[in-house]
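Enquirer: Protein chains in written order, with our numbering: chain A, 1383 to 1609; chain B, 1383 to 1609. We put the CB at the ideal spot given by N, CA and C, even for glycine. If you're wondering where the values come from, they're calculated on a predicted model, not measured in any experiment.
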DNA sequence: AGATTAAATCACCGATTGGTGATATTTAAA
DNA sequence: TTTAAATATCACCAATCGGTGATTTAATCT
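1) DSSP on residue 1579(B), reduced to helix/strand/coil?
2) What is the residue span of the alpha helix (DSSP H) that residue 1480(B) lies within?
3) Would you say residue 1537(A) reaches chain B, if we count a Cβ-Cβ gap shorter than 7 Å as a contact?
4) Classify residue 1403(B) as helix, strand or coil using the three-state DSSP reduction.
5) Beta-carbon separation of residue 1504(A) and residue 1414(A) under 7 Å?
6) Can you find a C-beta in chain B that's less than 7 Å from the C-beta of residue 1435(A)?
7) If you compare alpha carbons, which of 1456(A), 1476(A), 1448(A) and 1588(A) is closest to residue 1545(B)?
8) So who's on the other strand from residue 1574(B), going by DSSP bridges?
9) Report all residues from its chain with a CB closer than 6 Å to the CB of residue 1594(A); omit the five preceding and five following residues, and keep chain order.
10) Would you call the segment 1509 to 1522 of chain B in contact with the segment 1454 to 1465 of chain B, where contact means no fewer than 3 C-beta pairs closer than 8 Å?
11) Could you spell out where the alpha helix (DSSP H) holding residue 1428(A) opens and where it closes?
12) Let me know if residue 1436(B) comes out buried or exposed under the rule of 16 or more other beta-carbons within 10 Å of its beta-carbon.
13) Are there 16 or more other CB atoms within 10 angstroms of the CB of residue 1599(B), so buried, or fewer, so exposed?
14) For residue 1592(A), tell me which candidate among 1601(B), 1550(B), 1567(B) and 1578(B) has the shortest Cα-Cα distance.
15) Roughly how many angstroms separate the alpha carbons of residue 1583(A) and residue 1564(A), rounded to a whole number?
16) Would you mind stating whether residue 1471(B) and residue 1491(B) have Cβ atoms separated by less than 7 Å?
17) What distance in whole Å lies between the Cβ atoms of residue 1552(A) and residue 1574(B), which are believed to be in contact at a cut-off of 8 Å?
18) In whole angstroms, give me the CA-to-CA distance for residue 1605(A) and residue 1496(B).
19) Can you check which of these residues, 1405(B), 1580(B), 1406(B) and 1441(B), is closest to residue 1419(B) by C-alpha distance?
20) Let me make sure I understand the geometry here. Which of 1408(A), 1427(A), 1596(A) and 1433(A) has the alpha-carbon closest to that of residue 1507(A)?
21) With 7 Å as the threshold, decide whether the Cβ of residue 1418(B) is near any Cβ in chain A.
22) Suppose contacts are defined by Cβ-Cβ distances below 7 Å. Is residue 1484(A) in contact with residue 1538(A) by that definition?
23) By alpha-carbon positions, which one of 1457(B), 1468(B) and 1586(B) ends up nearest to residue 1526(B)?
24) State the DSSP-derived secondary structure class of residue 1441(B), mapped to helix, strand or coil.
25) For a cutoff of 7 Å on Cβ pairs, would you count residue 1553(B) as touching chain A?
26) Contact criterion: CB-CB distance below 7 Å. Does residue 1505(B) meet it with respect to chain A?
27) Can you round the beta-carbon distance between residue 1340(B) and residue 1590(B) to whole angstroms, since I take them to be within the 8 Å contact cut?
28) Under a Cβ-count criterion, where at least 16 other Cβ atoms within 10 Å of its own Cβ denotes burial, should residue 1554(A) be classed as buried or exposed?
29) Here's the rule: buried if 16 or more other CB atoms are within 10 angstroms of the residue's CB, otherwise exposed. What is residue 1407(A)?
30) Distance check for residue 1596(B) and residue 1542(A), CA to CA, integer angstroms please.
31) List the residues of chain B whose Cβ lies closer than 8 Å to the Cβ of residue 1512(A), in chain order.
32) Would you say residue 1494(B) lies against chain A (beta-carbon separation less than 7 Å)?
33) So, residue 1447(B) versus residue 1457(B), is the Cβ gap smaller than 7 Å?
34) Measuring only between beta-carbons, confirm whether residue 1445(B) sits less than 7 Å from chain A.
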């Protein structure tokens, strides 16, 4: 009985008594390695993405990384490319009307982005990674992000703000950057920044109100004012 | 003649023909190790702060790190503690009058901070470090920063904004965080963020104007408006 | 000058890193 | 059933990591 179990287990036909996909399967193995990358990235960050670690997490031999992906960078790159981190920013994500120059849409996206970055360990790790290393696949991801944003700016905000379009972009740049940094900061250091406790609901609510306030004032003050 | 030169050089009494402090000097050696930490931090970042690397940069044996500091962390910690990264934010750094609730002072500090982070490789590396690892001496530095800011908020801005004090803090938190992130971003990734090129003078000028604009609007709109 | 002590170097340790050639095992085809 | 090919594992490599005991070198004191 025990022998039978071990035999089946070794054949990869069993897991908790339920048969699973055979382990000796190229596609399945590739996916397990890709999944391991995600798991490590989320839990420990890019620094922990070592070949041995990935293989151990996947429960496979590290040689397979080289067999199926050629290198660790290729494996990691394929994982990153398979993800779409900016889906919630896309114009078609929320079928809003842009008659207000995208004001409400912008507020919506910023607040949404604030919560998303806060709750997504993976995005946090990737953002940090992007600040720490220069990797081709990270460049690709960055280019992707810029393209998504450019589409919005060009068709919605630029026409609305006219000659002040660049000023509006600069403001959103600061706000988005602020959203990123605050969340990265809160995750690793004490969560108090400028006296605001980002670990508390009240503190985060203040940040949300501030974002909303700043966008409101921007749409008020930047529309007509020359220069 | 050659023998004499080698002898003197070996004795550490010569450098480019000029006598220097003797190499067999505890204080001097400690300082050389501390200096090496700074040099590596500025040029390669916290990830490169390995024991072997530090010793090699200082031109000394790594054993001395343990002899004089006990551990690498102690050495690095002593280096970090010896620095004051927030000198330009202190209230006494610029003897301004705060009759405007610190409005001009705030703008001044933010713009100054923007340039300082941009041009200081060391501060950038430390900020990144703080987002990546939890280290006791980084906690200390963070606490220091919070204390400096708290002093300003409590005595200058809080009284001015009254019940909206927390809202003002949230806004500055976003702006400061934005300043940090934008500069970190520009150093490692392509310098274009939200279509603003941070590598160009023009792009950075837009950011400065945006900071100034947002503070102006904040002082306008947050002073009287209830809630 | 010789002895004492502080300062610095050297040689080595076990663990971990990325990477590879040889080998074993399983599946599928003949 | 035998063979061939795909899949996965194993054993090992050189380089680097943090860390330490033994030793050598230089400065200081008598």
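Expert: Taking the structure as given:
1) The residue labelled residue 1579(B) in the question sits at position 197 within the second chain. DSSP places residue 1579(B) in strand when its eight states are reduced to three.
2) Here the question's residue 1480(B) lines up with position 98 in the second chain. Taken as a continuous stretch (DSSP letters only), residue 1480(B) belongs to no alpha helix (DSSP H), as it is neither H nor E.
3) Here residue 1537(A) refers to the residue found at position 155 of the first chain. Judged by the 7 Å Cβ criterion, residue 1537(A) is not in contact with chain B.
4) Counting from one through the second chain, the residue named residue 1403(B) turns up at place 21. Interpretation of residue 1403(B) is limited by its pLDDT of 46, a score under 50 that renders its predicted location unreliable; the figure taken from the coordinates is listed afterwards. Reduced to three states, the DSSP call for residue 1403(B) is coil.
5) Along the first chain, read from residue 1 onward, the residue named residue 1504(A) stands at position 122. Along the first chain, read from residue 1 onward, the residue named residue 1414(A) stands at position 32. Contact: no.
6) As a working note, residue 1435(A) is residue 53 in the first chain. Not one chain B Cβ lies under 7 Å of residue 1435(A).
7) Locating residue 1545(B) in the second chain gives position 163, where the first residue counts as 1. Nearest C-alpha to residue 1545(B): 1588(A).
8) Position 192 of the second chain holds residue 1574(B). Paired residues: 1579(B).
9) Here residue 1594(A) refers to the residue found at position 212 when the first chain is read from its first residue. Only 1489 meet the Cβ criterion.
10) yes
11) In the first chain, residue 1428(A) corresponds to position 46, counting from 1. Careful: residue 1428(A) lies outside any alpha helix (DSSP H) and carries neither H nor E.
12) Numbered from 1 along the second chain, position 54 holds the residue referred to as residue 1436(B). Answer is buried; the Cβ neighbour count reaches 16.
13) Working through the second chain from its first residue, we reach residue 1599(B) at position 217. Its Cβ being crowded by 16 or more others within 10 Å, residue 1599(B) is buried.
14) Walking along the first chain from the start, residue 1592(A) turns up at place 210. Of the candidates 1601(B), 1550(B), 1567(B) and 1578(B), the one whose C-alpha sits nearest the C-alpha of residue 1592(A) is 1550(B).
15) Residue 1583(A) sits at position 201 when you count from the first residue of the first chain. Residue 1564(A) sits at position 182 when you count from the first residue of the first chain. So the two alpha carbons sit approximately 14 Å from each other.
16) In the second chain, counting from the first residue as 1, residue 1471(B) sits at position 89. In the second chain, counting from the first residue as 1, residue 1491(B) sits at position 109. Yes, the pair counts as a contact, with Cβ atoms nearer than the cut-off.
17) Here residue 1574(B) refers to the residue found at position 192 of the second chain. Here residue 1552(A) refers to the residue found at position 170 of the first chain. At roughly 12 Å, the Cβ-Cβ gap does not stay under 8 Å, so residue 1574(B) and residue 1552(A) are not in contact.
18) Along the first chain, one-based indexing puts residue 1605(A) at 223. Along the second chain, one-based indexing puts residue 1496(B) at 114. Spanning the two alpha carbons is a distance of roughly 26 Å.
19) Residue 1419(B) sits at position 37 when you count from the first residue of the second chain. Taking only the C-alpha atoms, the option nearest residue 1419(B) is 1441(B).
20) Your numbering for residue 1507(A) matches position 125 in the first chain. Ranking the options by Cα distance to residue 1507(A), first place goes to 1427(A).
21) Translated into the one-based positions of the second chain, residue 1418(B) becomes position 36. Not one chain A Cβ lies under 7 Å of residue 1418(B).
22) Counting from one through the first chain, the residue named residue 1484(A) turns up at place 102. Counting from one through the first chain, the residue named residue 1538(A) turns up at place 156. A contact, by the Cβ cut-off of 7 Å.
23) Sequence index remark: in the second chain, residue 1526(B) carries index 144 (1-based). Residue 1468(B) is the option with its Cα nearest to residue 1526(B).
24) In the second chain, residue 1441(B) corresponds to position 59, counting from 1. It is coil, neither helix nor strand.
25) Residue numbering aside, residue 1553(B) sits at position 171 when the second chain is read from its first letter. Answer yes: the Cβ-Cβ gap between residue 1553(B) and chain A drops below 7 Å somewhere.
26) Taking the second chain and counting its residues from 1, one reaches residue 1505(B) at position 123. No - not a single Cβ of chain A is within 7 Å of the one on residue 1505(B).
27) Residue 1340(B) cannot be examined here, being either before or after the span of chain B that is shown, 1383 to 1609.
28) Within the first chain, numbered from 1, the residue matching residue 1554(A) stands at position 172. So residue 1554(A) counts as buried.
29) As a first step, residue 1407(A) must be located in the first chain, where it is residue number 25. Its Cβ having fewer than 16 others within 10 Å, residue 1407(A) is exposed.
30) Numbered from 1 along the first chain, position 160 holds the residue referred to as residue 1542(A). Numbered from 1 along the second chain, position 214 holds the residue referred to as residue 1596(B). Cα to Cα, residue 1542(A) sits roughly 19 Å from residue 1596(B).
31) The residue given as residue 1512(A) occupies position 130 in the first chain. Neighbours of residue 1512(A) on chain B, chain order: 1567, 1570 and 1571.
32) Residue numbering aside, residue 1494(B) sits at position 112 when the second chain is read from its first letter. It does not; no Cβ of chain A falls within 7 Å.
33) If you number the second chain from 1, residue 1447(B) lands on position 65. If you number the second chain from 1, residue 1457(B) lands on position 75. The answer is yes: Cβ separation under 7 Å.
34) The count along the second chain starts at 1 and reaches residue 1445(B) at position 63. Closer than 7 Å: no.
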